[in-house]
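Chains as they are written, first to last, in the numbering used here: chain A, 190 to 527; chain B, 190 to 527.
Number of protein chains: 2
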Amino acid sequence: MQSKPITIKEIARILNISPSSVSRGLHDHPSIGAVTREKIKQLAKSLNYEPNNAAILFQKGKTYTIGVILPELSEHFFSIAISAIEDEAIKKNYTVIFAQSHDNYEQEVKLVEKMKNQRVDGLLVSISKGTSKFDHFEKLNSFNIPVVFFDRIPPFKNVHYVACSLESATIKAVNYLLKKGHRSIGMINGPGTLYASEERKEGYMQAINFNRLKFDPSLVVNCDLTEQGTIEAADQFLNHKRKPTAIVAFNDYVALFLIKYFKKLNVINDFDIVSYANLPIISYLDNSPVASVEQYPYLQGQKAANILLDLIHSPNSEKQAYYNTIVESDLIVNEVKE
Amino acid sequence: MQSKPITIKEIARILNISPSSVSRGLHDHPSIGAVTREKIKQLAKSLNYEPNNAAILFQKGKTYTIGVILPELSEHFFSIAISAIEDEAIKKNYTVIFAQSHDNYEQEVKLVEKMKNQRVDGLLVSISKGTSKFDHFEKLNSFNIPVVFFDRIPPFKNVHYVACSLESATIKAVNYLLKKGHRSIGMINGPGTLYASEERKEGYMQAINFNRLKFDPSLVVNCDLTEQGTIEAADQFLNHKRKPTAIVAFNDYVALFLIKYFKKLNVINDFDIVSYANLPIISYLDNSPVASVEQYPYLQGQKAANILLDLIHSPNSEKQAYYNTIVESDLIVNEVKE
DNA sequence: AAAAACAACGCAAACGTTTGATTAATTTTG
DNA sequence: CAAAATTAATCAAACGTTTGCGTTGTTTTT
Chain A
190 MQSKPITIKE
200 IARILNISPS
210 SVSRGLHDHP
220 SIGAVTREKI
230 KQLAKSLNYE
240 PNNAAILFQK
250 GKTYTIGVIL
260 PELSEHFFSI
270 AISAIEDEAI
280 KKNYTVIFAQ
290 SHDNYEQEVK
300 LVEKMKNQRV
310 DGLLVSISKG
320 TSKFDHFEKL
330 NSFNIPVVFF
340 DRIPPFKNVH
350 YVACSLESAT
360 IKAVNYLLKK
370 GHRSIGMING
380 PGTLYASEER
390 KEGYMQAINF
400 NRLKFDPSLV
410 VNCDLTEQGT
420 IEAADQFLNH
430 KRKPTAIVAF
440 NDYVALFLIK
450 YFKKLNVIND
460 FDIVSYANLP
470 IISYLDNSPV
480 ASVEQYPYLQ
490 GQKAANILLD
500 LIHSPNSEKQ
510 AYYNTIVESD
520 LIVNEVKE
Chain B
190 MQSKPITIKE
200 IARILNISPS
210 SVSRGLHDHP
220 SIGAVTREKI
230 KQLAKSLNYE
240 PNNAAILFQK
250 GKTYTIGVIL
260 PELSEHFFSI
270 AISAIEDEAI
280 KKNYTVIFAQ
290 SHDNYEQEVK
300 LVEKMKNQRV
310 DGLLVSISKG
320 TSKFDHFEKL
330 NSFNIPVVFF
340 DRIPPFKNVH
350 YVACSLESAT
360 IKAVNYLLKK
370 GHRSIGMING
380 PGTLYASEER
390 KEGYMQAINF
400 NRLKFDPSLV
410 VNCDLTEQGT
420 IEAADQFLNH
430 KRKPTAIVAF
440 NDYVALFLIK
450 YFKKLNVIND
460 FDIVSYANLP
470 IISYLDNSPV
480 ASVEQYPYLQ
490 GQKAANILLD
500 LIHSPNSEKQ
510 AYYNTIVESD
520 LIVNEVKE
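In structure tokens:
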């Protein structure tokens with residue numbers, strides 16, 4: 190029942206010419222005469238000829254495929270980012286394959302391996318939380334598979350990456366709160382091991398110092414990002430001798446837990462909260478954060494994809510420099526609470 | 190600089206045996222002796238041999254790849270679903286490639302074409318809003334590429350699909366509201382052209398009839414699902430001679446608009462709202478819907494993927510019957526508003 | 001009129017792997 | 001001990017496309 194796909198050979202047989210001529214004809218090769226070329230193209234069209242991609246890929250050693258490895262596709266940030274990546278890829282006629290590390294280092298290693306076996310032309314990676322070794326990526330160098338990291342990037346510069354500066358974002362956030370008159374600002378930070386935590390803390394300190402205030406370490410508390418952890422952090426602030434009037438939350442989930450808890454304690458109006466935008470509808474909350482750091486996932490995905498495609502198309506010799514792209518993040522101020 | 194990948198040929202040359210023996214040795218073919226087999230495997234391992242996937246795919250005419258076409262990856266529902274699909278695929282050693290139709294019919298047609306060219310082994314599709322013709326999928330039959338639709342499915346049974354019964358879900362929702370004592374229940378439905386709208390309306394009517402109430406068509410209003418459209422629909426209810434005390438919203442976005450509007454008018458407490466769960470954190474709202482229809486995107490993705498893999502592995506002869514799988518949806522009741 | 005240039009196409013190899021058919025060597029069987 | 005069966009490996013073709021090189025004729029140049 191199934192019609193065997195039409196091949197170049199088949200077309201050649203029918204036209205009584207050689208397969209090579211058919212191939213050349215379809216590609217507008219100059220050494221094929223105009224009449225023959227048209228005959229070839231017409232027949233190909235009428236037979237619904239479709240090039241066998243697998244054969245081409247095999248022959249050329251290129252797959253026109255880029256791989257994406259990220260922690261969790263269902264996280265809003267990543268779903269936007271990969272959506273952008275696909276949009277860019279399809280413009281350049283590339284295909285996207287992806288896989289999730291589920292924030293597991295071993296899984297990530299396996300996936301890199303798998304992507305290499307799939308012979309992707311390039312790889313986009315947002316590393317898992319558990320990743321602190323990076324050998325699995327270095328392997329790819331010898332196979333000439335370029336890698337661009339995005340958002341969750343390794344803590345060194347000799348790789349290509351696209352990311353937000355959480356440091357400058359945090360500066361903006363803290364500055365905003367200071368300008369609103371707050372003098373004691375708490376920060377619920379993530380685990381100390383995370384690079385993202387460092388950046389936030391650094392930004393916090395810079396903003397404080399820049400405004401000639403004195404930095405109080407006890408106002409920056411680490412947190413495991415769970416609801417319970419958030420509550421404990423909140424309690425520290427509530428009992429603080431200089432009780433903060435504003436809080437910078439590590440992300441929207443933390444902000445959510447925090448708001449819930451403060452509402453339960455009926456102290457929600459004592460605080461201005463600033464968060465980092467992971468969730469689309471957080472602004473619909475009644476007591477939503479007064480401002481949010483927008484990290485532009487679509488833009489990040491877009492840039493990362495374009496850089497990767499650039500690298501794929503540039504000859505090896507030109508690959509000395511590293512793309513270290515910082516996407517500026519913005520502080521989005523929500524409508525004023527009435 | 191780049192080390193040419195090790196091939197079977199290379200191994201054969203070193204070991205002074207034929208490539209076919211190497212291939213068979215690596216696959217534990219019985220006609221290769223134990224000693225030779227081990228020698229082959231050892232050398233392969235020590236040389237870091239990786240099979241050239243492109244070559245295998247080409248040779249076998251199988252790609253071990255399944256394609257996914259969906260409207261918008263950034264929609265929460267789909268990001269969960271595809272996340273499940275990938276999880277299932279990777280278990281069976283398949284790779285996922287995907288593309289977004291952006292709810293555009295022409296784009297969808299192109300993508301189906303592209304997937305066919307990529308020679309995917311099977312295709313999972315959630316159709317775009319604009320799709321009312323389905324020829325582009327029938328083509329795939331002749332190429333023996335199975336298709337499983339999920340969530341957004343065509344309105345006929347002679348295809349494989351996995352979906353929620355929005356009808357029964359709506360029955361549950363309306364029943365719940367009736368049991369709570371509501372006697373006038375409004376429904377903000379989607380555009381009349383959508384199959385999903387039909388199902389909702391059908392469920393609504395069934396529940397009403399089943400409870401021996403009389404169906405008032407003016408209580409079911411169509412809506413373009415925008416904020417403005419929602420407001421207009423809401424106005425109809427507010428001015429209705431039998432002003433409803435409960436409203437079934439087409440989805441969480443509509444619910445969100447509705448809640449916002451009702452809060453502005455200060456009538457939010459006059460209504461119980463039920464919605465369909467698209468958004469994760471809607472329950473964090475102060476005036477969140479009293480209940481939500483959970484459509485289990487992860488489960489749907491999982492089932493769809495498994496059905497597709499089944500179809501891929503079953504010989505053509507066995508493909509008479511169609512998988513029509515209904516995932517039961519549940520009504521999730523939120524904590525009582527205090 | 002011979003030499004050079006060109007146009008239009010065919011030949012054949014190559015990409016890496018798999019697999020049906022064969023062969024050669026060894027072992028088992030009646 | 002010859003015939004049959006088993007074991008272990010090889011050969012060669014095949015998958016579809018691309019591409020360097022070679023081969024024809026035909027046309028242009030000197």
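Backbone N, C-alpha and C fix where the C-beta goes; we use that ideal spot for every residue, glycine too. It should be emphasised that the depicted structure is a prediction, and the values quoted were computed from it without experimental measurement.
Residue i (DSSP reduced to helix, strand or coil)
i	result
TYR393/B	helix
LEU204/B	helix
GLN307/B	coil
VAL410/B	strand
PHE338/A	strand
ILE470/A	coil
GLY256/A	strand
VAL456/A	coil
LEU246/B	helix
ILE195/B	coil
ILE448/A	helix
GLN509/A	coil
LYS361/B	helix
LYS299/B	helix
HIS502/B	helix
ASP217/A	coil
GLY490/B	helix
HIS371/A	coil
TYR283/B	coil
ARG431/A	coil
GLU264/B	coil
ARG401/A	coil
LYS230/A	helix
LYS322/A	coil
Residue burial classification, residue i (beta-carbon count within 10 angstroms, cutoff 16)
i	result
PRO344/B	exposed
LYS280/A	exposed
LEU468/A	buried
VAL522/A	exposed
GLU327/B	exposed
LYS305/B	buried
PHE451/B	buried
Residue i - partner residues in DSSP beta bridges
i	result
ILE515/B	ALA352/B
VAL482/B	TYR465/B, LEU520/B
ALA438/B	ILE377/B
ALA288/B	ILE258/B
VAL314/A	ILE258/A, PHE338/A
Integer-rounded CB distance, given that residue j should sit under 8 Å from residue i
i	j	result
ILE274/A	LEU313/A	6 Å
VAL211/B	ILE195/B	In fact, because the Cβ distance is near 11 Å, the residues do not count as touching under 8 Å.
ILE448/A	LEU408/A	Between LEU408/A and ILE448/A the Cβ distance is about 19 Å, and since that is not below 8 Å, they are no contact.
LEU355/B	GLY379/B	Not quite, the Cβ-Cβ distance comes to about 10 Å (not below 8 Å), so this is no contact.
ARG308/A	THR252/A	5 Å
GLU295/B	ILE258/B	Not quite, the Cβ-Cβ distance comes to about 13 Å (not below 8 Å), so this is no contact.
LEU454/B	HIS349/B	In fact, because the Cβ distance is near 46 Å, the residues do not count as touching under 8 Å.
LYS198/A	PRO208/A	5 Å
LYS346/B	TYR511/B	7 Å
Residues near residue i in its chain [Cβ-Cβ closer than 8 Å; skip 5 each side]
i	result
LEU383/B	LYS318
LEU498/B	ILE255, GLU277, ALA278, LYS281, TYR283, GLY311
ASP292/B	PRO260, GLU261, SER317, LYS318, GLY319
ASP424/A	none
Same chain only: Cβ atoms within 7 Å of residue i, ignoring 5 sequence neighbours per side
i	result
LYS322/B	none
ALA385/A	LEU355, GLY379
HIS371/A	THR434, ALA435, ASP461
LYS361/A	LEU520
VAL285/B	ILE255, VAL257, ILE274, GLU275, ALA278
Nonlocal neighbours in the same chain, by C-beta distance under 6 Å from residue i, ignoring five residues either side
i	result
VAL301/B	HIS325
CYS353/A	GLN484, VAL516, SER518
ARG226/B	GLY214
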